[in-house]
Amino acid sequence: MTDIVDKSAVGLDARQYHIDIAPGEVGTVALLPGDPFRVPFVAEFLTDVKDVAHKREHRTMTGYYKGRLITATSTGMGCPSTAIAVEELARVGVTSFIRVGSSAALQEGVEPGDLLVSEGSLRNDGTTAAYVHPGYPAIPDLAIAQSLKDTAAAVMADSERSVFSGLNATDDAFYAEGPEWISELNRMGILNVEMESSAMYVVARLRGLRAGMICACSSNLVTGDSLYGDKNSRLKEGWMASIEAALETAVALEL
């Protein structure tokens with residue numbers, strides 16, 4: 001039994017197995033889209049862009065925004081791959097994480113293309129249960145959450161779109177989100193639902209790191225309004241606005 005591997009003690013200060021990144025190749029702050037094909041959207045805001053790695057669902061690019069080195073790494077879909085990305089990015093020097101992605105609204109008045117800033121997540125996932133007690137909260141860094149709200153308002157000042165903040169849910173099973181569950185989340189006042197933030201928050205807290213999330217609303221599961229199909233340009237506009245707000249937060253807080 002003496003040869004049992006302790007995963008928390010192996011692979012430190014080395015090229016990471018899943019994300020294929022080594023210490024010195026990234027900065028201290030990382031933006032985390034889910035989709036690897038959205039990492040280049042972050043790069044559109046950056047200078048001196050470098051393609052660092054692309055292994056499995058984890059694509060990484062770096063560049064500078066207003067003099068600050070920014071890393072963008074895709075997490076893939078769901079909490080398991082998100083937890084791996086955060087753990088391994090932390091091992092190579094990242095200390096702050098901002099998720100930028102898509103999320104479905106659960107309250108009336110929120111429209112596709114609006115921005116959603118997370119104040120905490122309802123942990124309806126299996127990954128965080130492997131890390132912590134069921135009552136352990138999944139919450140963002142307070143300063144990051146407030147800065148995301150402020151910078152989002154500034155970015156959207158001349159837009160027809162709105163910024164909302166509140167609690168979100170993190171689910172594991174996209175197609176298991178039936179009408180009863182959506183109604184229950186709506187009744188509890190949950191603003192939106194996505195699939196990654198609870199893992200990011202819990203792992204970050206356990207490792208002494210900082211995290212926050214700002215998403216673009218892709219659809220409203222209560223009103224039935226959706227951006228999928230011919231309205232997709234509004235979703236990309238939301239993505240780009242969320243990325244800009246995250247970058248401004250990284251600079252403002254010197255992450």
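Just so you know, we're using the UniProt record's numbering here: the sequence shown kicks off at 1 and counts up by one.
From the three backbone atoms N, C-alpha and C, an ideal C-beta is built for every residue, glycine too.
Model, not experiment: these values are computed from the prediction.
Check, Outcome
"Bridge-paired residues (DSSP) for Lys66", "Looking at the DSSP assignment, Lys66 forms no beta bridge with any residue, so it has no partner."
"Gly212 versus Arg99 - alpha carbon distance", "6 Å"
"Closest by C-alpha distance to Ala153, when choosing among Thr249, Arg91, Ala173, Gly178", "Thr249"
"Backbone CA spacing between Gly34 and Met77 [nearest angstrom]", "6 Å"
"Backbone secondary structure at Gly24 - three-state DSSP", "coil"
"In DSSP terms, what Thr73 is bridged to", "Thr60"
"Cβ-Cβ separation, Val117 to Ile182 (assumed contact under 8 Å), whole Å", "With a Cβ gap of about 21 Å, Ile182 and Val117 do not count as contacting."
"Coil, strand or helix - Thr170 by DSSP", "strand"
"Residue span of the beta strand (DSSP E) that contains Ala105, given as start and end", "96-105"
"Residue burial classification, Pro137 (beta-carbon count within 10 angstroms, cutoff 16)", "exposed"
"Contact check, Val39 vs Ala72, beta carbons under 8 Å", "yes"
"Asp3 in three-state terms, based on DSSP", "coil"
"Beta-carbon proximity of Met156 to Thr82, cut-off 8 Å", "no"
"Under the three-state DSSP convention, the category Met188 falls into", "coil"
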